[in-house]
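Quick mapping for you: the protein sequence lines, in order, are chains A and B. Mapping to our numbering: the first sequence position 17 is 17, numbers consecutive. Mapping to our numbering: the second sequence position 250 is 250, numbers consecutive. For every residue, glycine included, the Cβ atom is placed at its ideal position computed from N, Cα and C. Below: one structure, written as C-alpha cells.
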Amino acid sequence: MRKYIIKRILWCFLVLFGVSVISFGILHLTPGDPARLLLSDGATQQEINELREKMGLNKPIQVQYLIYMQGVIKGDLGTSLYFKKPNLDLIKERIPATLLLTSAAVFGSLLFSLPLGIIAGVKQGTFIDLFAMLFALLGQAMSPVWLGILLIFTFAVKLRILPSFGYGSLQALIMPAVTLGLPLAALITRLSRAGTIDILSEDYILAIRAKGIGEKKIIMRYVLKNVLIPITTIVGLQFAVFMGGAVVTESIFSWPGIGKLAISAIYGRDFPLVQAIMLVAATFFVSINLLVDIVYTLLDPRVKVN
Amino acid sequence: MKKFIKVTILLVLLTLMLVSSCLVGFAKEKVITFARPEDIFYLDPYNTNVLSSSIIDYLIYDRLVDHNPETGVGFVPALATEWSVSPDGTAYTFKLRQGVKFHNGEPFDAECVKVSLERFLNEKLFKNSFWETLKEVEIVDDYTVIVRYKVPNVLCLTSLILTPMLPAKAFTEKGVALFDHPIGTGAFTWGHWIRGQEIVVNKNPDYWGKPAYVDKFIYLPIIEDSTRLAAILTGEIDIADSMSADQVPMTEAEPNVEIAKMLAWDQNYIGLKADTPPMTDKKFRQAINMAIDRENIVKFIFKGGRPSTGNIPQGIVGFDDSLTPVKQDIEKAKQLVKESIYDGRELSFIIPMGWYPKEKDVTQAIQAQLMEVGINVKLELIDGAVYREKRAAGNYDFYWSGYAADDIDFYLWNVIHSDLMSTGYKNEELNKLIEDQRQEVDSEKRIEILRKIQNIINTEVAPQIFVYQMENLYFQRKGITGYRYYGNKIPDLRYAHYEE
C-alpha cells in the first residue's frame, strides 16, 4: 500500500510539472502583449518596451520559465500585475469562500441525492422513482446561468426571502450552492438509483434475504457501501473541479472565490496571476484525486494495489 | 426522524432570530451602498486607470479644486482657496486652505502639494499623461505654492481634479504601502477592503468641510448585470451604476427605485486608416459619414444619448451647440462612393470585445448601412489585447473606439498629433492648431481654436468619424439625494443620503 501511495505522489509531481509547462507556454503563445494592455491607451512604444523589460518579457522563454519555477519552489508564485500583491496571498484570500461554496454544493447534493437515488432504486416504478428521474433530467438540462438568475429573481426579488448576492450569511450560501450543486445532484441521483437496482438484482442479495436479514439492513449494509464506490470517485472529482473555481456561479452571485479572481485575471491578461491560479487549481485537483484513489482502495477490497 | 425535524425547526428559528436582531442593530447606523460592475484592484489614486477607484478617492481625499457642483463644470475652491495664472501660462499660484488635517493628524500644507505632484516627476504612473509638462512645485510659504510647467499649460485645473492631495509625511515614510490603508483629508476615513467583496469607509467626524450625512459608505463590485438589478430592486443596495436600457422596463414597475441618466463626456467613433486607399479619398470618407444613421442608432440601439456633432462631446470646454448631426443621405452617399476611388474590396473593421456597450449591435448596423451605399465591410470582433496590437500597428481599415475625457486635449494630442492609433493621417494645419490650443491661456481664444480644429475634422471627415455620445444610466432607491455624477462617469458621493 505504501509503495502505491509513493508511486502515486511521484506521478502527481510529474502531472504538476506538465501543467506548469503547459500553462506557462499557452499564456505566452496567445496573441496579445500584457505590457500593452497594462498601460493606458496613450502609452508610447518606448513605455511599453520599458515595461516589458521590467516584467522580464524580453528574456528567452526557457529562462522566464526557470525563473518562475525557482520562485514556485520557494513558495513565491509571482506578483499580480493589477493588484500589485503576491499571487499566493490573493489566492489564499479567496480559498475560504470557494471552499465554503464547494463544500455546501457537494455535501448538499450528496445529502439530498444519495438517499433519493437509493429509495428510487428500491421502490422502482413508484412516485418517488418518477420524481427522482425527473429531477435528474432537469438538473442536468438546466444551465447554471439561467438557473442562477432565475433563483435570484424568484427568491430575492419576488419573494424577498433570500439575499440576491454576497457572502457571509447562511442565506447567501443557499442559492449559489444550489446552482452549483444541481448538476452534480442530478448525476448522483441517477448513479445511485442505477447502482441500487443493479446490486439488488444480484444473486448474493437473494441469499442474504433468504438468511432472514431485514430489508433496511440490506440497504444500509450492502447497497449503500457498494453504491458509494463509483459515487466517491465522481464526487471527489467534482469537488476538485469546483475548487479550481466555480467561475460561472461565482460571477452570478458575486461570490468572492477563486473563480471570480480567475476571470478578472484572464480578461486583464494578468499573466502571473493566471499562471498562479492554474498551478494552485491543478495542485488541488491532483491532491484530491490522490485522496479519492486511496479512499477508493479502502472502500473496495476487491481492488488490488499491487 | 421526528427528532431530526424538531432540531431542524429549532435551527431555522434560531437563525431567523439572529438575522432579525442583526437587522435591528443596523437600522440605527446610516449607510449608503453603491454597486458597480467593476472591481477595484489597486488604490493608488495616481496609478490606476480603473474608474471605481476614483469613486473611493473622492470620499477619502480632497483635491485643490473641485468642479462646480451646480453646473458640473468650471472650478470651485476646495483645498486651494484662490489661484492665479501667470500671463505666459507656465506658472499657477495657489493659496492653500489653513487648518486642514489629514486622517492621521498630519497638517495639510504646501509640502503636501509638492510631495504629491512631484511623484509624477519621479515615478512611472498611469496619470503621468496629465502632468507631462510639469517642471516642479515651488513652495513659497506653508500655504502658498507655485506649480511650474516647462511650457505653457491650460489643463492644470482639470488635471488637479483627478489628482487628490496626499499626506507628505506619511507618503515619504511609507511610499506606496500607504495605499493599503489610505490617508486623506476627505469626508470619509478608511474602513476596510475585503478584496473582491467590498470597500467600506466611515464618516470623518473632524472633516474641515461640510460633514457627510451618513455614517458609512460601502462600495460593492457586482459584475453580473442581472444580479445588480436584483439587488437594487430588493433594496439590498442603494445605488446601482452602469445599468442598461433593457433593464428599464422591469425597474419602472418597481415604485421604490428611480431611474436616472446623465450624458457622459464619452463618444464612440470610427477610426480610419487615413493613408490607405480608399480612405485617402475625401469623397469616400464623406460617403461613410452620410451613410451612417446616427439618429436611429441613438434611438433604437441605445435608447438614450445623442448623435455626435463633432469630436467635442456635450458638456466639456469647446462644445458647439450650434452644430447639427450629419443626416443620413443614402442616395448622396451612393453617388459619392461611385465617384470615389473605391474598388469594392472588403474593408476590415476591427472592434474590441466587451469594451463598449452594444458594440456588436452598433457595428452591425453601421455595416448594413455602409453596404446599402456600396461599401463592403468585414466586422472583426476581437479580444481587447489583440485589438490593441492591431490598432497600434495600423493593421486595419476601420477601427471602433471611444473617447472619454474631461478635456479634449488628450484626444487631440495623442490620437491625432502623436497618431497613437497609427492612422497615418497627416495634416500640418491641424497639428499646428493642436499645438496652439495646448498653450492658449485665454479660455475664450482657446475655445475658438478648439472649434476650428473640430471644424477641420468634420469637413475633412478624418481621421475619425464620430457617431454617438453615450448616456450613463443608474438606478437609485427612492429618496436618495445629495450626490451627482460628472460627465467622466465619476460620481461625487460624499453627501449622498436619504431625505428625511
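Query                                                                                                                                  : Result
Three-state class that DSSP yields for residue 412/B in the structure shown                                                            : helix
Cβ neighbour criterion (16 or more within 10 Å) applied to residue 160/B                                                               : buried
Per DSSP, cross-strand counterpart(s) of residue 503/B                                                                                 : Nothing about residue 503/B can be read from this structure; chain B reaches only from 1 to 500.
Closer than 8 angstroms to chain B by CB, residue 144/A                                                                                : no
Endpoints, beta strand (DSSP E) assigned at residue 308/B                                                                              : Unbroken run through residue 308/B: none, as it is neither H nor E.
Simplified DSSP state of residue 95/B, which is helix, strand or coil                                                                  : strand
Residue 163/A at chain B interface by Cβ criterion, 8 angstroms                                                                        : yes
Check whether residue 332/B and residue 290/B have beta carbons under 8 angstroms apart                                                : yes
Residue 253/B, enclosing alpha helix (DSSP H) - first and last residue                                                                 : Where residue 253/B is concerned, there is no enclosing alpha helix (DSSP H), given that its DSSP letter is neither H nor E.
Neighbouring residues, chain B, relative to residue 252/A (Cβ below 8 angstroms)                                                       : 224, 226, 227
Three-way DSSP call (helix, strand, coil) for residue 142/A in this model                                                              : coil
Within chain A, partners of residue 42/B - CB distance below 8 angstroms                                                               : 82, 83, 84
Burial state of residue 67/B (16 or more Cβ within 10 Å)                                                                               : buried
Cβ-based neighbour list, residue 276/B, same chain, cut-off 8 angstroms, excluding 5 preceding and 5 following                         : 397, 424
Where residue 488/B falls: helix, strand or coil (DSSP)                                                                                : coil
Where residue 24/B sits in the DSSP three-state scheme                                                                                 : Bear in mind that a pLDDT of 47 at residue 24/B, under 50, signals an unreliable position, so the number given afterwards is only what the model happens to contain. Helix at residue 24/B.
Residue range of the alpha helix (DSSP H) that includes residue 181/A                                                                  : 170–200
Contact with chain A by residue 26/B, beta-carbon distance below 8 angstroms                                                           : With a pLDDT of 49 at residue 26/B, under the threshold of 50, the modelled position of that residue is not reliable, and the figure given next carries that caveat. It does not; no Cβ of chain A falls within 8 angstroms.
Coarse secondary structure for residue 428/B, derived from DSSP in three states                                                        : helix
Residues in the stretch 178–198 of chain B having any Cβ partner in chain A nearer than 8 angstroms                                    : 194, 195, 196, 197
is_contact[residue 256/A, chain B] using C-beta, thresh 8 angstroms                                                                    : yes
Distance CB(residue 422/B)-CB(residue 392/B) smaller than 8 angstroms                                                                  : yes
Under 8 angstroms (Cβ pairs) to chain A, residues found in the stretch 381–404 of chain B                                              : 383, 384, 385, 386, 388, 389, 392
Sub-8 angstroms separation of residue 277/A and residue 265/A beta-carbons                                                             : yes
C-beta neighbour in chain B for residue 215/A, strict 8 angstroms                                                                      : no
Beta-carbon proximity list for residue 261/B, same chain, < 8 angstroms, skipping 5 on both sides                                      : 304, 471, 472, 473, 474
Reduced DSSP category for residue 347/B - H, G, I as helix; E, B as strand; rest coil                                                  : strand
Whole-angstrom C-beta distance between residue 341/B and residue 255/B, which should lie under 8 angstroms                             : Contact flag wrong, Cβ pair sits at about 60 angstroms.
C-alpha gap between residue 234/A and residue 95/A, whole angstroms                                                                    : 22 angstroms
Residues of its chain near residue 108/B, where Cβ-Cβ distance is below 6 angstroms and the 5 sequence neighbours each way are ignored : 100, 185
Proximity of residue 101/A and residue 246/A at Cβ, strictly below 8 angstroms                                                         : yes
Residue environment, residue 6/B, which counts as buried when at least 16 other CB atoms sit within 10 Å                               : exposed
Beta-carbon proximity of residue 136/A to residue 79/A, cut-off 8 angstroms                                                            : no
Beta-carbon proximity of residue 219/B to residue 494/B, cut-off 8 angstroms                                                           : no
Three-state secondary structure (DSSP) of residue 466/B                                                                                : strand
Chain-ordered neighbours of residue 233/B on chain A, where CB pairs are closer than 9 angstroms                                       : 153, 156, 157, 164
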